[in-house]
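Chemist: Just passing along the structure, written as structure tokens.
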Amino acid sequence: MSEALEPKKEYVTISQAVVIIAVIIASLSGIGYIVGKKFFWNQYDTTPLHERQIAELEKYSEENPKSRNAKVLLFDRYFGSGELTKARIILNDLKKEIGDNPDIIYRDALMLQSEGKKDKALAEIQKVVEMKPLFPYARVIYSQLLTEDKQYDKAIKEMEMALKIMPVAADLRLELAKIYLAKGDKQKALEEVDRALKMVPDYQEALDFKKQI
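Add 1109 to the 1-based position in the sequence shown for our numbering, that's all there is to it.
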């Protein structure tokens, strides 16, 4: 999707932006919009509307078994709502059909991460970063996995790259602060959380995190 409009000087969180992005992508391309970890999902994904959308996608997918887009969207919904067994079944079908597609590899990495298979998830998400270097969410997940593996410098580099792509994402700024704190650099952690709060002054998670530093 091209950046046709001049961006306004407004700061948003990932959780706010992802719903808008999700609707646009689902409407225009059917590619899917999953972004991974829990902090990217908000109340939108547990509403009755969400449940109705799953039911509609299930029906459509059953009536159109060759529709890969329907399967991708259904996987996204299952994964986002925590129905991991159903998500894995659909993902395995997609891997058989288009397993070399970076969007499918990305989803596989998320699935592996949720299943506790960190090493495999790390290897898969690295492939996606190499295939789609401007895909910010892949870099976010890659950064998180690197952090869990205590590769802090690499994790910081990846999160900074994600922020270059999405510079007004307060959530990512907070995630960067968390990496610095995990590394033991409290000063840098404080600087980053202050940047997040400058973007969104009433960002409660950032306010709570700042108290812990």
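The beta-carbon is built from N, C-alpha and C at its ideal position, and this holds for glycine as well. Predicted, not measured: the structure shown is a model, and the values here were computed from it.
Regarding A1305 and the ligand PLP, is the C-beta to nearest heavy atom distance less than 8 Å?
Modeler: The model on display carries no ligand, and the ligand PLP is accordingly not part of it.
Chemist: Contact defined as beta carbons within less than 8 Å: I believe R1248 pairs with A1271. What is the distance between those atoms, to the nearest angstrom?
Modeler: Here residue 1248 refers to the residue found at position 139 of the sequence shown. Here residue 1271 refers to the residue found at position 162 of the sequence shown. That belief holds up - the Cβ atoms of R1248 and A1271 are roughly 4 Å apart, short of 8 Å.
Chemist: Locate the alpha helix (DSSP H) running through G1189, then write down its first and last residues.
Modeler: Position 80 of the sequence shown, counted from the start, is the residue given in the question as residue 1189. Note, G1189: alpha helix (DSSP H), 1177-1189.
Chemist: Can you tell me whether T1194 is buried or exposed? The criterion is at least 16 other CB atoms within 10 Å of its CB, across all chains shown.
Modeler: Working through the sequence shown from its first residue, we reach residue 1194 at position 85. By the neighbour-count rule (16 or more Cβ atoms within 10 Å), T1194 is not buried but exposed.
Chemist: Using CA atoms only, rank isn't needed, just tell me which of G1191, G1189, A1164, R1216 is closest to N1201.
Modeler: Walking along the sequence shown from the start, residue 1201 turns up at place 92. The shortest C-alpha separation from N1201 is found at R1216.
Chemist: Assuming A1286 and A1298 make a contact with CB atoms under 8 Å, what is their CB distance in whole Å?
Modeler: Mapped onto the sequence shown, residue 1286 falls at position 177. Mapped onto the sequence shown, residue 1298 falls at position 189. 5 Å between Cβ atoms; contact.
Chemist: Straight-line CA distance for F1184 to P1245?
Modeler: Taking the first residue of the sequence shown as position 1, residue 1184 is located at position 75. Taking the first residue of the sequence shown as position 1, residue 1245 is located at position 136. Cα-Cα distance, rounded: 20 Å.
Chemist: Which term fits I1199, buried or exposed, when burial requires 16 or more other beta carbons within 10 angstroms of its beta carbon?
Modeler: As a working note, residue 1199 is residue 90 in the sequence shown. It is buried - the Cβ of I1199 has at least 16 other Cβ atoms within 10 Å.
Chemist: Quick one: is Q1313 buried, meaning 16 or more other Cβ sit within 10 Å of its Cβ, or exposed?
Modeler: The residue given as residue 1313 occupies position 204 in the sequence shown. With fewer than 16 other Cβ atoms within 10 Å, it is exposed.
Chemist: Are there 16 or more other CB atoms within 10 angstroms of the CB of I1234, so buried, or fewer, so exposed?
Modeler: Residue mapping note: residue 1234 aligns to position 125 of the sequence shown, counting from 1. Looking at its Cβ environment, which holds 16 or more other Cβ atoms inside 10 Å, I1234 is buried.
Chemist: Enumerated in chain order, which unbroken segments of the alpha helix (DSSP H) with a length of 4 residues or greater are wholly contained in the region 1241-1276?
Modeler: Runs of the alpha helix (DSSP H) inside the region 1241-1276: 1245-1257, 1261-1274.
Chemist: Can you tell me whether A1315 is buried or exposed, with buried defined as 16 or more other CB within 10 angstroms of its CB?
Modeler: Counted from its first residue, the sequence shown places residue 1315 at position 206. Looking at its Cβ environment, which holds 16 or more other Cβ atoms inside 10 Å, A1315 is buried.
Chemist: Alpha carbon to alpha carbon, how far is K1320 from N1178?
Modeler: Residue mapping note: residue 1320 aligns to position 211 of the sequence shown, counting from 1. Residue mapping note: residue 1178 aligns to position 69 of the sequence shown, counting from 1. Rounded to the nearest angstrom, the two C-alpha atoms are 44 Å apart.
Chemist: According to DSSP, which residues form a beta bridge with A1164?
Modeler: Residue mapping note: residue 1164 aligns to position 55 of the sequence shown, counting from 1. None, per the DSSP bridge assignment.
Chemist: Starting from D1217, trace the alpha helix (DSSP H) in both directions and tell me its first and last residue.
Modeler: Numbered from 1 along the sequence shown, position 108 holds the residue referred to as residue 1217. That run of the alpha helix (DSSP H) goes 1211-1223.
Chemist: Compute the Euclidean distance between the alpha carbons of K1259 and I1265, then round it to the nearest angstrom.
Modeler: One-based indexing of the sequence shown puts residue 1259 at position 150. One-based indexing of the sequence shown puts residue 1265 at position 156. Approximately 11 Å, taken between the alpha carbons.
Chemist: Just to confirm, is the Cβ distance from V1302 to E1267 under 9 Å?
Modeler: Within the sequence shown, residue 1302 is the residue found at index 193, counting from 1. Within the sequence shown, residue 1267 is the residue found at index 158, counting from 1. Not closer than 9 Å, so no.
Chemist: Anyone know if the C-beta pair for V1181 and D1212 falls short of 9 Å?
Modeler: Residue 1181 sits at position 72 when you count from the first residue of the sequence shown. Residue 1212 sits at position 103 when you count from the first residue of the sequence shown. A contact, by the Cβ cut-off of 9 Å.
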